[in-house]
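Be aware that the sequence shown starts at 8, since it is given in my numbering, and climbs by one per residue. Structure, as structure tokens:
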Amino acid sequence: MGEQKVSLLTDQAQMHRFVRSLLNDVQALQYMINEDWFEKGITRIGAEQEMALVNAKTFKPSTNAMDALDTMKSYPWVETELAKFNLETNMTPRELKGKCFSQMEQENLTNLNKIRAKLKKLDTKLILTGILPTLRKSDLELHNLTPKKRYAALMKAINQQLIGESFELRLTGIDELLVRHDSPLIEACNTSFQVHLQVEPSEFVKMYNISQTITAPIMAIAANSPIVFGRRLWHESRIALFQQALDTRTTHDHMRERYPRVSFGSDWLRDSVLNIHREDIARFRVLISGDIEEQSIDLIHAGKVPKLRALQVHNSTVYRWNRPCYGISKNGKPHLRIENRVLPAGPTVIDEIANAALWIGAMVAYGKRYKDISKHISFDDVRDNFGKAARFGIDSNFTWFKDQKISACELVKKEILPAARRGLASVGVDKADIKRYLDIIEERADQHMNGARWQLRAYTKLIKETNKDEAASVLTSTIIQNQEQEIPVHKWKMPELSDLKEYRPSKITVEEFMTTDLFTVQKDDIIGMVAEMMDWRKIRYTPVEDTKGKLVGLVSIRILLRHLIKHPKLSQDSVLVKDVMIDKPRTISPKATILEAMETMRKYKLGCLPVVKGKELIGLITEMDFLRVSGRLIERLEEDS
Numbered sequence: 008m009g010e011q012k013v014s015l016l017t018d019q020a021q022m023h024r025f026v027r028s029l030l031n032d033v034q035a036l037q038y039m040i041n042e043d044w045f046e047k048g049i050t051r052i053g054a055e056q057e058m059a060l061v062n063a064k065t066f067k068p069s070t071n072a073m074d075a076l077d078t079m080k081s082y083p084w085v086e087t088e089l090a091k092f093n094l095e096t097n098m099t100p101r102e103l104k105g106k107c108f109s110q111m112e113q114e115n116l117t118n119l120n121k122i123r124a125k126l127k128k129l130d131t132k133l134i135l136t137g138i139l140p141t142l143r144k145s146d147l148e149l150h151n152l153t154p155k156k157r158y159a160a161l162m163k164a165i166n167q168q169l170i171g172e173s174f175e176l177r178l179t180g181i182d183e184l185l186v187r188h189d190s191p192l193i194e195a196c197n198t199s200f201q202v203h204l205q206v207e208p209s210e211f212v213k214m215y216n217i218s219q220t221i222t223a224p225i226m227a228i229a230a231n232s233p234i235v236f237g238r239r240l241w242h243e244s245r246i247a248l249f250q251q252a253l254d255t256r257t258t259h260d261h262m263r264e265r266y267p268r269v270s271f272g273s274d275w276l277r278d279s280v281l282n283i284h285r286e287d288i289a290r291f292r293v294l295i296s297g298d299i300e301e302q303s304i305d306l307i308h309a310g311k312v313p314k315l316r317a318l319q320v321h322n323s324t325v326y327r328w329n330r331p332c333y334g335i336s337k338n339g340k341p342h343l344r345i346e347n348r349v350l351p352a353g354p355t356v357i358d359e360i361a362n363a364a365l366w367i368g369a370m371v372a373y374g375k376r377y378k379d380i381s382k383h384i385s386f387d388d389v390r391d392n393f394g395k396a397a398r399f400g401i402d403s404n405f406t407w408f409k410d411q412k413i414s415a416c417e418l419v420k421k422e423i424l425p426a427a428r429r430g431l432a433s434v435g436v437d438k439a440d441i442k443r444y445l446d447i448i449e450e451r452a453d454q455h456m457n458g459a460r461w462q463l464r465a466y467t468k469l470i471k472e473t474n475k476d477e478a479a480s481v482l483t484s485t486i487i488q489n490q491e492q493e494i495p496v497h498k499w500k501m502p503e504l505s506d507l508k509e510y511r512p513s514k515i516t517v518e519e520f521m522t523t524d525l526f527t528v529q530k531d532d533i534i535g536m537v538a539e540m541m542d543w544r545k546i547r548y549t550p551v552e553d554t555k556g557k558l559v560g561l562v563s564i565r566i567l568l569r570h571l572i573k574h575p576k577l578s579q580d581s582v583l584v585k586d587v588m589i590d591k592p593r594t595i596s597p598k599a600t601i602l603e604a605m606e607t608m609r610k611y612k613l614g615c616l617p618v619v620k621g622k623e624l625i626g627l628i629t630e631m632d633f634l635r636v637s638g639r640l641i642e643r644l645e646e647d648s
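Laid out in structure tokens, this is it:
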């Protein structure tokens, strides 16, 4: 969950004190490794469950996490996350043996059901999904930041590192997303199921490189994050979204390399876990300071195990997808863990545990088989596989050992899954557990179906039947219903609009409802071209914008007809848009509600409202948009009767 006792660096002296503590922690860690202080002979697993909160009726984000936590003070395992619509739970570390996975599943289900009971009183539901389909860009503004010192300090520190004017999101899948954002809170789009595996220091380099190698096929079969702001993007959009949300870099006219704080890594790990921490300290400036009371070197000299607070604070601000973690076991001995951060939340708890079993089992098997996996595959191929898995998920094709070209499903079925079965059996995991969870992975691969592919198919079906807002609401509602029944995702049916019994569009904002795929003209264009274009596209209104995208007018079919009636013999090539357009059209803000838009159009007898932010044209709403919504509401009334 991260160290909470932190603060923003306010002066040079504070920076120097924290950096000295950080360097001392690295020295202390090196000493403990060299002197063999670390726990041996036992392997534990653990996990963190992130979730989103939604309104029980609208299925939009519900920003009442703090109110919910007030009702859960007796639950020490539940905590805040970055945004007010997120929560996180920590699961009990348990030894990798016996029924550890079914115990983890039961613990997670029990915890989630306790949270559901509390949320019900707040008219709120929880959902496990990599990215919430109903999430809007406006939900990621800083007023939705969880009011805690750590989060405020982190947001301010990242903003201070920003080289350009804003953060930019650029993703292309079936659709495309190109948008600026003014804060790194957009990171809160992502919810994960983070799995931890304890590793002995002498094995850490080998096991970390194995984790890097198998990340791509594991992520491909587990992907569950394809929809962002109503756009169908990467199968695991969390990967790009997280990096870009915290990417303070900008473009330059030179080729200097700058690395983002969120990364897969640049090469194999060599020699020691210390190399990761040293690189991260050298490459990334300290963002926040911990309230450090311990002196790790003094504790080492006294024979006591330090908590390495400074190192943990800095490590929590550098987001490797496979991240090294340090901790102290209940017996007082220090230990090291690899944290797998690529696994998304959902689609159900049983799916999450299946993903965890696949990764952990494969880690164990490959750890027993390969002394140095870097001799069997290049890091360039491993990193390339990672990018492919994020984009294409279960549809990916990878480069594997001996330059073999293989599909994601084939690789999982032929290589990763058999290895995972062997690995779990070798450490004494219960046979029924192995079968229960890894059979789910096998069925996913056989049916070529995971959370991302299901969402993409379902959403594509729904947006052909209704508007994007209702489609996202139905999708979210269906995911929650399937989760509450613990149905593995490969068994989910395609959703129907009737699955959502009540749909409330009245509070939809204009930016969720407007058309953004616009055909525009400029004021010096000839109206002959405008008339032809409107006929081709079957549109009744055409905005007029300048070269900078600012709205300067509006042309309608009625205006063109009126002009043709008055001047039937006038050459259309001699008349320009500026001669006939409405030069000061009434507009509306993207933050206005659908009811406000309807009232404006009714009051002024308008068939169209351009949507502007400042003076920039960003969308358009017409009476046809409202007709589609009202038509769906009438259909729903008929269904209910």
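Glycine included, each C-beta is placed from N, C-alpha and C at the ideal position.
Exercise for the section: Compare the Cα-Cα distances from ASN338 to each of LEU29, LYS47, PHE633, LYS409 and report the closest residue. Expected result: Stepping through the sequence shown from its first residue, residue 338 is reached at position 331. The shortest C-alpha separation from ASN338 is found at LYS47.
Exercise for the section: Apply the 10 Å Cβ neighbour rule to GLY297 and answer buried if 16 or more other Cβ atoms are within range, or exposed otherwise. Expected result: Locating residue 297 in the sequence shown gives position 290, where the first residue counts as 1. Its Cβ being crowded by 16 or more others within 10 Å, GLY297 is buried.
Problem - Identity of the residue in ALA604, PRO224, LEU568 nearest GLU449 by Cα - result: Your numbering for residue 449 matches position 442 in the sequence shown. For the residues ALA604, PRO224, LEU568, the minimum Cα distance to GLU449 belongs to PRO224.
Exercise for the section: Determine the extent of the alpha helix (DSSP H) in which PHE249 is found, giving its start and end residues. Expected result: Position 242 of the sequence shown, counted from the start, is the residue given in the question as residue 249. From DSSP, the alpha helix (DSSP H) with PHE249 extends over 245 to 252.
Problem - LYS378 to ARG451 span [Cα, whole Å] - result: If you number the sequence shown from 1, residue 378 lands on position 371. If you number the sequence shown from 1, residue 451 lands on position 444. Answer to the nearest angstrom: the Cα atoms are 31 Å apart.
Practice task
In the DSSP assignment, find the unbroken alpha helix (DSSP H) run with GLU7 in it and report its ends.
Solution key: For residue 7 there is no data in the structure shown, the boundaries of the chain being 8 and 648.
Exercise for the section: Pick out whichever of THR554, GLU552, GLU491, VAL562 has its Cα sitting closest to the Cα of MET541. Expected result: Along the sequence shown, read from residue 1 onward, the residue named residue 541 stands at position 534. Ranking the options by Cα distance to MET541, first place goes to VAL562.
Exercise for the section: May I ask whether a heavy atom of the ligand FAD can be found less than 8 Å away from the beta carbon of ASN362? Expected result: For the structure depicted, the ligand FAD is absent and the ligand set is empty, with no information on it obtainable.
Handout entry: Extent of the continuous alpha helix (DSSP H) run through THR485
Key = Looking up residue 485 in the sequence shown gives position 478. Segment 475 to 491, the alpha helix (DSSP H) holding THR485.
Practice task
State the Cα-Cα distance for the pair GLU194 and SER244, rounded to the nearest angstrom.
Solution key: Taking the sequence shown and counting its residues from 1, one reaches residue 194 at position 187. Taking the sequence shown and counting its residues from 1, one reaches residue 244 at position 237. Distance between the alpha carbons of GLU194 and SER244: 12 Å.
Exercise for the section: Whole angstroms is fine: what's the gap from LYS585's alpha carbon to LYS591's? Expected result: The residue you call residue 585 lines up with position 578 of the sequence shown. The residue you call residue 591 lines up with position 584 of the sequence shown. Roughly 11 Å separates the two Cα atoms.
Handout entry: Continuous beta strand (DSSP E) stretch holding VAL584: start and end
Key = Within the sequence shown, the letter at position 577 stands for residue 584. That residue, VAL584, is in no beta strand (DSSP E); its alpha helix (DSSP H) goes 584 to 587.
Practice task
Mark LEU558 as exposed unless 16 or more other C-beta atoms lie within 10 angstroms of its C-beta, in which case mark it buried.
Solution key: In the sequence shown, counting from the first residue as 1, residue 558 sits at position 551. Buried, by the Cβ-count rule.
Handout entry: Extent of the continuous alpha helix (DSSP H) run through CYS107
Key = Reading the sequence shown from its first residue, position 100 is the one you call residue 107. From DSSP, the alpha helix (DSSP H) with CYS107 extends over 107 to 127.
Problem - Rounded separation between ARG239 and LEU126 - CA only - result: Here the question's residue 239 lines up with position 232 in the sequence shown. Here the question's residue 126 lines up with position 119 in the sequence shown. Whole-angstrom Cα-Cα distance: 30 Å.
Practice task
Would you grab the beta carbon distance between GLY400 and ALA227 for me? Rounded to a whole angstrom, and I think it's under 8 Å.
Solution key: Locating residue 400 in the sequence shown gives position 393, counting from the first residue. Locating residue 227 in the sequence shown gives position 220, counting from the first residue. About 5 Å; that satisfies the 8 Å criterion.
Handout entry: Nearest to SER209 (by Cα), restricted to the options ASP43, GLN34, ARG443
Key = To locate residue 209, count along the sequence shown from 1; it is residue 202. Of the candidates ASP43, GLN34, ARG443, the one whose C-alpha sits nearest the C-alpha of SER209 is ASP43.
Exercise for the section: Would you tell me roughly how many angstroms separate the C-alpha atoms of MET262 and ARG348, rounded to the nearest one? Expected result: The count along the sequence shown starts at 1 and reaches residue 262 at position 255. The count along the sequence shown starts at 1 and reaches residue 348 at position 341. Low confidence applies to MET262: its pLDDT is 45, below 50, so where it sits in the model is not reliable enough to give any reading.
Handout entry: For VAL551, the nearest candidate out of GLU491, SER581, THR594, LEU152 (CA to CA)
Key = For the purposes of this step, residue 551 is identified with residue 544 of the sequence shown, where counting begins at 1. Among GLU491, SER581, THR594, LEU152, the Cα nearest to that of VAL551 belongs to THR594.
Exercise for the section: Take every Cβ of the region 24 to 41, pair it with every Cβ of the region 296 to 310, and state whether three or more of those distances are shorter than 8 Å. Expected result: Look at the beta carbons and you see the region 24 to 41 touching the region 296 to 310: at least three pairs across the two are nearer than 8 Å.
Practice task
Scan the region 130 to 156 and note each continuous alpha helix (DSSP H) run of 4 residues or more that stays entirely inside, going in chain order.
Solution key: none
Handout entry: DSSP three-state assignment for TYR548, whether helix, strand or coil
Key = Numbered from its first residue, the sequence shown carries residue 548 at position 541. It is a strand residue.
Practice task
Taking 9 Å as the cut-off, decide whether the C-beta atoms of LEU129 and THR78 are in contact.
Solution key: Numbered from 1 along the sequence shown, position 122 holds the residue referred to as residue 129. Numbered from 1 along the sequence shown, position 71 holds the residue referred to as residue 78. Closer than 9 Å, so yes.
Practice task
Can you give me the Cβ contacts of ASP287 inside the same chain, cut-off strictly under 6 Å, excluding the 5 residues immediately before and after it?
Solution key: Here the question's residue 287 lines up with position 280 in the sequence shown. These residues qualify, in order along the chain: VAL325.
Practice task
Decide yes or no for the touch test of the region 424 to 441 against the region 196 to 216: beta carbon pairs closer than 8 Å, at least 3 of them.
Solution key: no
Exercise for the section: Locate the alpha helix (DSSP H) running through SER28, then write down its first and last residues. Expected result: On the sequence shown, residue 28 is found 21 positions in, with the first residue counted as 1. That run of the alpha helix (DSSP H) goes 19 to 41.
Practice task
Spatial neighbours of LYS395 within its chain, please: CB distance less than 6 Å, with the 5 preceding and 5 following residues excluded, ordered by chain position.
Solution key: Reading the sequence shown from its first residue, position 388 is the one you call residue 395. For LYS395, where only same-chain residues beyond five positions count, the Cβ hits under 6 Å are SER403.
Exercise for the section: Following the continuous beta strand (DSSP E) through GLY334, name the residue where it begins and the one where it ends. Expected result: In the sequence shown, the residue the question calls residue 334 occupies position 327. Unbroken beta strand (DSSP E) run through GLY334: 329 to 335.
Exercise for the section: Compute the beta-carbon to beta-carbon distance between ILE601 and ILE515, rounded to the nearest angstrom, for a pair I have assumed lies under 8 Å. Expected result: As a position in the sequence shown, residue 601 is number 594, starting the count at 1. As a position in the sequence shown, residue 515 is number 508, starting the count at 1. Right, the Cβ-Cβ distance comes to about 5 Å (below 8 Å), so this counts as a contact.
Problem - Nonlocal neighbours in the same chain, by C-beta distance under 6 Å from LEU176, ignoring five residues either side - result: Here residue 176 refers to the residue found at position 169 when the sequence shown is read from its first residue. For LEU176, where only same-chain residues beyond five positions count, the Cβ hits under 6 Å are LEU184, VAL186, GLN251.
Problem - Rounded C-alpha distance that separates ASP260 from PRO267 - result: Counting from 1 along the sequence shown, the entry for residue 260 is found at position 253. Counting from 1 along the sequence shown, the entry for residue 267 is found at position 260. Summary for ASP260: the model assigns pLDDT 47, below 50, so the residue's position carries little reliability, and this model does not support an answer.
Practice task
Measure the alpha-carbon distance for SER503 versus LYS598 and round it to whole angstroms.
Solution key: Along the sequence shown, read from residue 1 onward, the residue named residue 503 stands at position 496. Along the sequence shown, read from residue 1 onward, the residue named residue 598 stands at position 591. For the record, residue 503 in the displayed sequence is Glu; it is not Ser. Here the alpha carbons of LYS598 and GLU503 stand approximately 29 Å from one another.
Handout entry: Per-residue DSSP class, three states only, for ARG464
Key = Here residue 464 refers to the residue found at position 457 of the sequence shown. Three-state DSSP puts ARG464 in a helix.
Exercise for the section: Quick one: residues in its chain with C-beta nearer than 8 Å to the C-beta of LEU577, no 5 flanking neighbours on either side, listed in chain order? Expected result: As a first step, residue 577 is located in the sequence shown; it is residue number 570 there, counting from the start. Taken in chain order, the list of residues that qualify is empty.
Exercise for the section: Quickly, what does DSSP pair CYS615 with across the bridge? List them, please. Expected result: Reading the sequence shown from its first residue, position 608 is the one you call residue 615. THR629, per the DSSP bridge assignment.
Exercise for the section: Report yes if the C-beta distance between ILE345 and LEU204 is below 9 Å; otherwise report no. Expected result: The residue you call residue 345 lines up with position 338 of the sequence shown. The residue you call residue 204 lines up with position 197 of the sequence shown. Yes.
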